[in-house]
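Engineer:
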Amino acid sequence: MKITDDYLNKPEVFKDKNIVVPTYDVAEMRAETLKNPEWVHFGGGNLYRCFHAQVAQDLLNSGDLKTGIVVVETFGEDLIDSVYHDFDNRSLTVEMKTDGSFEKTLVAATAEALYFHKNNVTDVASLVTIFKAESLQLVTLTITEKGYAVKDSAGELLAQVVSDLKVGPEFDQLANTMSKLTYLLLERFNANQTPLAMVSTDNFSHNGDRLKAAILEIAQGWYKAGHVSADFVAYLSDDTKISFPFSMIDRITPLPNGEIAEQLENSGIEKMKPFVTDKQKMVLSAFVNTEEVHYLAIEDKFPNGRPALEKASGVLLGNRETINKADLMKVCTCLNPLHTTLAIFGCLLGFDRIYKEVEDEDLLKLIEQVGFIEGLPVVENPEIIQPEQFINEVIYKRFANPNIPDMPERIATDTSQKIGIRFGETLKAYVAAPDKDVRDLTFIPLTIAAWCRYLLALDDNGVTFEVSPDPLLPELQAQLSTVKLGSENVDLHQILQPILRNDLIFGLDLVDIGLADKIENFFAQLIKETGSVRKVLQATLATHAKDIQK
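Going by full-length UniProt numbering, the sequence shown opens with residue 1, and the numbers climb by one from there.
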C-alpha cells in the first residue's frame with residue numbers, strides 16, 4: 001500500500017497496517033481552504049508534519065475546523081517537491097512510545113504546499129493572494145533560530161538585509177526570510193489592513209518578540225528609505241492589528257530513522273526509506289518519527305480570531321506571562337539546556353544516541369546537576385505545567401526512551417545561536433537574585449567550557465570529528481585556532497575573552513558577571529590531554545555534585 005491510497009473509500013487498506021486515518025474529506029477541506037484560507041505555516045519540516053499538521057487534523061476530525069494549512073518553504077524546494085507534492089501533501093507520523101510500541105497516523109491536513117521563491121512565480125502569486133484574504137487568522141513558523149536573523153554577532157545588519165532595505169519591497173530582489181515576510185504583510189496592509197497573528201513556534205525564549213523585532217527592523221528600514229509609509233510601520237506595531245504571541249513548543253523529533261523505515265516497508269508500506277534529493281542534497285522521508293509527549297503553549301492573542309486550538313491534543317493557551325514562564329521553564333531550565341549539555345559532551349565522548357548518554361552514570365549525574373540543582377531554584381512556575389514533573393519526565397522518560405533515535409550532532413547544530421537562551425537566562429536570574437551568587441554555579445560553567453572544547457573538533461580520544469553546522473563556526477574556530485590538545489604555552493585568557501565577553505552569544509558578558517575565570521580554568525583542564533573530558537567531568541561530579549530530590 002501507499003500513503004496516497006484512498007483512506008475514505010478503502011479504509012481497510014490502512015486498518016490492515018494499523019494506521020489511524022483522518023475522518024474528513026481532503027477534497028472538501030482543500031476546496032474550503034482555497035475559498036477561505038485561515039492558517040499559513042512557514043517551515044514544512046518534520047516538527048510541522050508531526051505537530052502543527054496534527055493539531056489541524058485533530059480539529060478537522062472533530063469538525064472544529066473546515067480548512068487545512070497552507071505550508072510554505074522559502075528554502076526547501078526539494079522538500080516541497082519530493083515530500084509534499086510526491087505524496088499528495090500527506091505524511092505518516094510514527095509515534096514511538098516508551099514501551100517500545102509504535103502508533104502510526106496518516107496526516108493529511110496540509111491543504112497546499114508552496115515554494116515561496118522568485119523562481120516560482122505561481123507559488124509567490126498564490127501566497128500573496130492568501131495573505132490578502134480577510135479570512136486568514138494565523139501564520140505559524142518553524143524556521144529555526146537562524147531564520148530570524150537580521151544582524152550578525154557584532155550587531156551589524158547582515159549584508160543581505162542591507163541589500164533588502166536598499167531595494168525595498170521588490171520580491172524578486174529580496175534575500176532575507178524576514179524581508180519576505182514583511183513583504184507579505186505589506187501586501188495585506190495595502191489590500192485591507194485586516195488583523196493577523198504572526199506566531200513563532202520555534203524553540204527559543206521570547207520568540208514572538210524576536211519575530212516582531214526582525215520584521216520591524218525591515219519595515220522601519222524601508223520607511224527610512226522612502227519605500228513604505230509610516231502607517232505601515234504603525235500597523236505592524238499595533239498588536240490589535242498584527243500580534244506576535246509568545247509560544248512554547250516541545251516535541252522531540254529526530255531525523256527519520258532507517259531501521260524504522262525498514263520496519264514500515266517490511267510491513268508493506270511503500271516508499272518509506274529516507275532518500276537524498278538531487279538538487280539540494282536534503283535527507284527526506286515520507287514519514288516522521290517522534291515521541292509520544294508533546295506540548296504547544298501559545299499566548300492567546302489572535303486579533304482576527306483563531307481555530308479552537310485548545311481542543312487539539314497537547315495545546316495549551318494562556319496569557320503572555322503564563323506562556324513566558326512555561327517557555328522559560330522548558331527552554332532555559334528543564335529540557336533544552338539538558339539537551340545541549342548532552343549534545344556537547346556526547347560529541348566529545350563519542351556517543352551516537354541521546355538515550356545511550358542517559359545510561360551513562362556520569363552524564364546522567366551531570367544533567368541532574370544542571371537541571372535540578374542549578375536550574376530549578378530560579379525557575380518560575382507557570383502553573384499550567386509543573387516544573388518538577390516536567391523535568392522528571394524529560395530525564396527519566398523522554399531522554400531515556402531508546403525508541404527516540406536522537407543524535408547529539410543534531411542537537412549540537414547552531415549551538416552559538418542557542419546557548420544564550422539555554423543558559424543565559426538562568427545566569428541572568430542568578431545575577432538578579434539577591435540571595436544567589438552566579439559564581440556559585442559549577443556545572444553550567446563546565447558545560448560552556450566544554451562547548452569551547454567541542455569547537456576544537458577533537459573528541460576526548462584526540463580524534464577529529466565533524467562539528468555540527470553553526471553560522472558562527474568560522475569566527476569561533478578562528479579565535480581558538482592556536483589552541484591544541486596539550487597546549488601549555490598559549491594565553492587562554494586572551495583567547496577566550498572575546499568569546500566569553502560576547503553578549504550576543506551568551507545574553508550577557510560572562511567576564512563582567514564573574515564566571516570567566518571558572519570557565520577558563522575548566523577549559524584549561526579539558527584540553528590538557530586525551531581523556532581529560534571524562535576525567536574533569538568525573539572529578540567535578542565527585543567534588544561538587546549535590547544530592548537531588550526527584
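In this text, a Cβ means the ideal position worked out from N, Cα and C, and glycines have one as well.
#1: Here's the rule: buried if 16 or more other CB atoms are within 10 angstroms of the residue's CB, otherwise exposed. What is Ala516?
#2: Can you find at least 3 beta carbon pairs, one from the region 411-429 and one from the region 325-333, that sit closer than 8 Å?
#3: Quick check on Val293: does DSSP put it in helix, strand or coil?
#4: If we ignore side chains and look at the alpha-carbon of each, how far apart do Pro471 and Leu366 end up?
#5: Give the DSSP-derived three-state secondary structure of Gly318 in the structure shown.
#6: Compute the Euclidean distance between the alpha carbons of Leu185 and Thr240, then round it to the nearest angstrom.
#7: Between which two residues does the beta strand (DSSP E) harbouring Glu156 extend?
#8: So within the UniProt domain "Mannitol dehydrogenase C-terminal" (329-482), which uninterrupted alpha helix (DSSP H) runs reach at least 4 residues, ignoring any that extend past its ends?
#9: Can you have a look at Leu8 and say buried or exposed, based on whether 16 or more other CB atoms are within 10 angstroms of its CB?
#10: Since Val40 is in the beta strand (DSSP E), which residue starts that stretch and which ends it?
#11: Using the rule of at least 16 other Cβ atoms within 10 Å of the residue's Cβ for burial, across every protein chain shown, is Asn266 buried or exposed?
#12: By a C-beta neighbour count over all protein chains shown, 10 Å radius and 16 as the cutoff for buried, is Val288 buried or exposed?
#13: CA-CA distance, Lys17 and Arg188?
#14: Three or more beta-carbon pairs under 8 Å between the region 409-417 and the region 99-118, yes or no?
#15: Tell me whether Lys279 is buried or exposed, calling it buried when 16 or more other Cβ atoms sit within 10 Å of its Cβ.
#16: Among the candidates Gln479, Gln494, Val467, Ala429, whose CA atom is the shortest distance from the CA of Ile513?
#17: If you count every other CB in all the chains shown that lies within 10 Å of the CB of Pro337, and 16 or more means buried, which is it?
#18: Taking the Cβ atom as the reference point for each residue, do Thr540 and Leu476 lie within a distance shorter than 8 Å?
#19: What separation, rounded to the nearest whole angstrom, lies between the Cα atoms of Val121 and Asp81?
#20: Cα-Cα, which of Tyr84, Gly68, Arg306 is closest to Ala56?
#21: Along the chain, where does the alpha helix (DSSP H) that runs through Phe14 open and close?
#22: Using three-state DSSP, classify Thr105 as helix, strand or coil.
#23: Would you kindly work out how many angstroms separate the C-alpha atoms of Tyr84 and Glu77, rounded to a whole number?
#24: Check the DSSP bridge columns for Val283 and list the partner residues they point to.
#25: Return the bridge partner residues of Ser200 from the DSSP annotation.
#26: Tell me which residues share the same chain as Tyr24 and place their Cβ nearer than 7 Å to its Cβ, disregarding the 5 neighbours each side in the sequence.
#27: Check for me: the beta strand (DSSP E) holding Val533 runs from which residue to which?
#28: How is the beta strand (DSSP E) around Asp5 delimited, first residue to last?
#29: Is the beta carbon of Pro37 sitting closer than 8 Å to the one on Ile130?
#30: Helix, strand or coil for Thr110? Go by DSSP, reduced to three states.
#31: Give me the DSSP bridge partner(s) of Tyr115.
#32: By the three-class DSSP mapping on this structure, what secondary structure does Leu92 have?
#33: Rounded to a whole number of angstroms, what is the C-alpha to C-alpha distance between Gly147 and Thr177?
Structural biologist: Let me lay it out:
#1: Label assigned to Ala516: buried.
#2: Output reads yes: the region 325-333 touches the region 411-429.
#3: Residue state, collapsed to three classes: coil.
#4: Rounded to the nearest angstrom, the two C-alpha atoms are 28 Å apart.
#5: Of the three classes helix, strand and coil, the one that applies to Gly318 here is strand, per DSSP.
#6: Between Leu185 and Thr240, the C-alpha separation is close to 15 Å.
#7: Glu156: not part of any beta strand (DSSP E); DSSP gives it neither H nor E.
#8: The DSSP assignment places complete alpha helix (DSSP H) segments of no fewer than 4 residues inside the UniProt domain "Mannitol dehydrogenase C-terminal" (329-482) at 336-349, 354-358, 361-368, 387-393, 408-412, 415-419, 425-432, 443-454, 473-479, in order along the chain.
#9: That one is exposed.
#10: In the DSSP annotation of this structure, the continuous segment of the beta strand (DSSP E) that includes Val40 starts and ends at 39-42.
#11: Here Asn266 is exposed, its C-beta having fewer than 16 other C-beta atoms within 10 Å.
#12: The residue in question, Val288, is buried, as its Cβ has 16 or more Cβ neighbours within 10 Å.
#13: Each residue's alpha carbon lies about 45 Å from the other.
#14: In short, these stretches do not touch, since the Cβ pair count stays below three.
#15: Result: exposed.
#16: Nearest option by C-alpha distance: Ala429.
#17: Under this definition Pro337 is a buried residue.
#18: Judged by their CB atoms, Thr540 and Leu476 are not nearer to each other than the 8 Å cut-off.
#19: In this structure, the alpha-carbon of Val121 lies about 15 Å from that of Asp81.
#20: The residue with the shortest Cα to Cα distance from Ala56 is Gly68.
#21: Residues 11-15.
#22: Here Thr105 sits in strand by DSSP.
#23: Distance between the alpha carbons of Tyr84 and Glu77: 10 Å.
#24: As a beta-bridge residue in DSSP terms, Val283 pairs with Val276.
#25: Paired residue(s): Leu141.
#26: So the qualifying residues of the chain are Leu60, Asn61.
#27: From DSSP, Val533 is part of no beta strand (DSSP E) but of the alpha helix (DSSP H) over 532-544.
#28: DSSP places Asp5 outside any beta strand (DSSP E), giving it a letter other than H or E.
#29: Result yes, Cβ atoms of Pro37 and Ile130 sit closer than 8 Å.
#30: Taken through DSSP and simplified to helix, strand or coil, Thr110 comes out as strand.
#31: In DSSP, Tyr115 forms a bridge with Glu73.
#32: Note: Leu92 maps to strand in three-state DSSP.
#33: Thr177 has its alpha-carbon roughly 7 Å from the corresponding atom of Gly147.
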